[in-house]
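All remarks here apply to the structure that follows.
Protein chains: 2
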Amino acid sequence: MLTDECRYKVLKLLDEDPRLSQRELARKMGISVGKVNYCLKALAQKGIIKASNFKNSANKQAYAYLLTPKGIEDKARVTARFLKVKLAEHAALQQEIEQLRREVHTCAAEEVEP
Amino acid sequence: MLTDECRYKVLKLLDEDPRLSQRELARKMGISVGKVNYCLKALAQKGIIKASNFKNSANKQAYAYLLTPKGIEDKARVTARFLKVKLAEHAALQQEIEQLRREVHTCAAEEVEP
DNA sequence: ATGATTGTGTTCAATCAATGAACACATGTG
DNA sequence: CACATGTGTTCATTGATTGAACACAATCAT
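First to last, the protein sequences are chains A and B. In this text, residue positions in the first sequence follow this note's numbering: the first is 15, and each later residue adds one. In this text, residue positions in the second sequence follow this note's numbering: the first is 15, and each later residue adds one.
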């Protein structure tokens, strides 16, 4: 896939340091190299990142994955969207926690009375 | 699988209404019937729930999935554990949101300056 | 009565994201 | 030169999840 979360994290990390290898990205993101590779290709195809010397270079060793102007724009958009989702999650979680607190109390009560 | 989340939700819903069908459970939990069936069997095998007339009954139409005493105990334990996890998630989310807020601001700034 | 419809639980082949070992290549090292 | 290390890339395998299909029971309509 290429979820918003993945997209956001990749762009954030590459914006901070475009010279991260796919394995470093994988480690920092907590996903596999295969998935990182897939995401990078997807983002490159969308023109969101540009790998310096992608595919036909004499120096195949390492790439720098640079955000294109479109990429910077996209990063802002995705980040904002992601924030929105997280805020919603936060609110939902808050409610769920309240519910859980009540559950814990009633369960504890049930536990006592035989 | 039989995650804590699944376990908690099933026990909560069945505690509220043991007469829920597997399809109703699936709908309320947002998962497939197959998974519900799997979870119920797992919980039954653990002795956490007991299906009235499970497997060898004249009336095969519908079961009531009742929490056993062990089930009630388990529900309390799982709920507490689940609450703990959710609180941790909540804290993590809070930090992530802070981070995102900063990101949004810097991105917006970058957007302006050419 | 009997056929049709609805509602059970159950099964299991198919799906699909995700993994990570394996590969080809390039560079650095001894 | 050989060897180790570090790239990106590939792809068979894994494993959870799905949901259509099935057998059975009860109810409804004719």
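Every residue, glycine too, gets a C-beta built ideally from N, C-alpha and C.
So, is residue i buried or exposed, given that buried needs 16 or more other C-beta atoms within 10 angstroms?
| i | result |
| --- | --- |
| VAL99 of chain B | exposed |
| ASP29 of chain A | buried |
| VAL24 of chain A | buried |
| GLY85 of chain B | buried |
| THR120 of chain A | exposed |
| ASP88 of chain A | buried |
| THR93 of chain A | buried |
| GLU112 of chain A | exposed |
| ARG33 of chain A | exposed |
| ALA90 of chain A | buried |
| ARG21 of chain B | buried |
| ALA72 of chain B | Note that ALA72 of chain B scores a pLDDT of 42, beneath 50, so its modelled location is shaky; the value from the coordinates is reported in the next line. Result: exposed. |
| GLN109 of chain A | exposed |
Can you find a C-beta in chain A that's less than 7 Å from the C-beta of residue i?
| i | result |
| --- | --- |
| THR93 of chain B | yes |
| LYS49 of chain B | no |
| ILE45 of chain B | no |
| LEU80 of chain B | no |
| ALA102 of chain B | no |
| PHE68 of chain B | For PHE68 of chain B, the predicted structure reports a pLDDT of 46, less than 50, and the residue's modelled location is therefore unreliable. The matter cannot be settled from this model. |
| SER71 of chain B | Confidence is the limiting factor: at SER71 of chain B the pLDDT is only 43, short of 50, which leaves the residue's position unreliable, though a coordinate-based value still follows. Not one chain A Cβ lies under 7 Å of SER71 of chain B. |
Say whether chain B places a C-beta atom closer than 7 Å to the C-beta of residue i.
| i | result |
| --- | --- |
| HIS119 of chain A | no |
| LEU114 of chain A | yes |
| LEU57 of chain A | no |
| LEU39 of chain A | no |
| CYS16 of chain A | Correcting the residue type first, residue 16 of chain A is Leu in the shown sequence and not Cys. Not one chain B Cβ lies under 7 Å of LEU16 of chain A. |
Over the uninterrupted beta strand (DSSP E) stretch that includes residue i, give me the two end residues.
| i | result |
| --- | --- |
| LYS55 of chain B | Per DSSP, LYS55 of chain B belongs to no beta strand (DSSP E); it is in the alpha helix (DSSP H), 47 to 59. |
| ILE63 of chain B | 63 to 65 |
| TYR79 of chain B | 79 to 81 |
Just to confirm the assignment, what range does the alpha helix (DSSP H) spanning residue i have?
| i | result |
| --- | --- |
| ALA40 of chain B | 36 to 43 |
| LEU27 of chain B | 18 to 30 |
Name the chain A residues whose beta carbon is nearer than 7 Å to that of residue i?
| i | result |
| --- | --- |
| GLU110 of chain B | LYS100 |
| LEU54 of chain B | The premise fails here: LEU54 of chain B is roughly 20 Å from chain A at the closest Cβ pair, so nothing lies under 7 Å. |
Please compile the residues from chain B whose C-beta is within a distance smaller than 7 Å of the C-beta of residue i.
| i | result |
| --- | --- |
| LEU1 of chain A | Residue 1 of chain A lies beyond the stretch modelled for chain A, which goes from 15 to 128, so this question has no answer here. |
Which residues, in order along the region 23 to 34 of chain A, keep a beta-carbon less than 8 Å from a beta-carbon of chain B? Going along the region 23 to 34 of chain A in chain order, one finds LYS26 with a Cβ nearer than 8 Å to chain B.
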